[in-house]
Structures are given as structure tokens and as C-alpha cells.
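*Asks:*
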Amino acid sequence: MAERRAGRREQLLAAAHELLADGGGAAVSVRAVCRAASLTERYFYENFTNRDELVAAVFAAVEREVDATVQAAVAAAPPAAVAAAAVDAVVGLTIDQPDKGRILFLAPMTEPGLYVHVERVGRTLTERITAQLPSGSSAEHRALVATSLAGALSHLFHEYVAGRLEVGRDAFVAHCVQLLHALGGLPEPG
1 MAERRAGRRE QLLAAAHELL ADGGGAAVSV RAVCRAASLT ERYFYENFTN RDELVAAVFA
61 AVEREVDATV QAAVAAAPPA AVAAAAVDAV VGLTIDQPDK GRILFLAPMT EPGLYVHVER
121 VGRTLTERIT AQLPSGSSAE HRALVATSLA GALSHLFHEY VAGRLEVGRD AFVAHCVQLL
181 HALGGLPEPG
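Following this line, the structure appears as C-alpha cells:
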């Protein structure tokens, strides 16, 4: 019974993932998700209190995947390649897999309930950048630099995923890495 319930939950999450990626928040209703998952509303409410909880769960799943991928990439990279490893990991999940990019960077624009999640992603990104900055500067300076870089990178990814930044993938990655090195004072690759 628990296994069947978990399977239905995964069906609902997969259907909501596809709807959110393709049509934004407006495309995700309880009926639309149930129809796409070939399940009744009874099974929806067995797993989720409401559609907002489902949308948050879809966003959180993408967020966790990106976070785990970035952590693994950074842990495996030598110090001078941390920025490139992190950017490449995010690009691999959000640009090479456009559905995840649309959920992470575009869905929050049409789904106000995701704002708290976007704030958390921003704080995590800022903390990760801060941890990589050279320790010779003041905490205040590091906070300003990390927050600026997090905002710049988030906006770059948003515009790229939205299709408003018409540059090649390699140029995009190189620019993001260069930004981290130039403004963040991170060690240059050798």
C-alpha cells in the first residue's frame, strides 16, 4: 500500500514538473495534474494538501538536484577550478535540461508561492560564493561581493533560460566563470 502511494506521488510530481516547466504556474491546477498523471483527485489529496504544496515540492526537487550536483562538482575540483566546476554543474542541469531551468529560473516569475524558495536558493548561492572568496578581505566586503555575484549570476541564468540572451553555451559558461574570477578574486585556473 505504501509503495503504491509513493508511486502515485511520483506520478503527480512528474506531471506537475512537466506542466510547470511547459506552462508556468498557471498551467498547474489540481485537475490538470490529475489528468496528466491519469489519477483522480482523491489520490492528489492523499499526497498533497493543495496545489501550492505540490508546486513547492516540484521546485524543491529541482533545487535539491542542482544543489547536490554543484556540491559534488565543487568537492571534486581543484581550488582553481571550483568556479568552472560549479558553473558547469548548474549549466548541465538547467540549460542542458531546459525543463529544470524553466522551473528554477522562470516558474517563480509566474508562481508567487515560490518566492520563499527563491530566497533560499539565493542565500545558499551567496553562502557558497562567500565560502570560495579569498579570506583576506573584511566580512562586509565578502558579503557585498558574494551578494552581487549571486544576483548577477541568477539574472544571467534567468535571461539565458528565457531566451533573451542570445549567446552560445560555451560563451555563456566562460562569461559566468570569468565574472566569478574577476569580481570575486577567485584563483584563476592554472
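Quick note: the sequence shown, position 83, residue 83 per full-length UniProt numbering, numbers continuous.
Ideal placement from N, C-alpha and C gives every residue a C-beta, glycine not left out.
None of the values given here were measured: they were computed from a predicted structure.
Within the same chain, show all residues whose beta-carbon is closer than 6 Å to that of Val-74, passing over the 5 residues directly before and after it, in chain order.
*Replies:* Val-82, Ala-85, Ala-86
*Asks:* Tell whether a beta-carbon distance below 8 Å holds between Glu-111 and Val-55.
*Replies:* yes
*Asks:* Do Pro-134 and Val-118 have their C-beta atoms closer together than 8 Å?
*Replies:* no
*Asks:* Would you tell me roughly how many angstroms separate the C-alpha atoms of Ala-89 and Val-33, rounded to the nearest one?
*Replies:* 30 Å
*Asks:* The alpha helix (DSSP H) spanning Val-161 covers which residue range?
*Replies:* Counting along the chain, the alpha helix (DSSP H) containing Val-161 begins and ends at 139-161.
*Asks:* Taking the Cβ atom as the reference point for each residue, do Thr-126 and Leu-93 lie within a distance shorter than 8 Å?
*Replies:* no
*Asks:* From Val-121 to Glu-63, what distance separates their C-alpha atoms?
*Replies:* 7 Å
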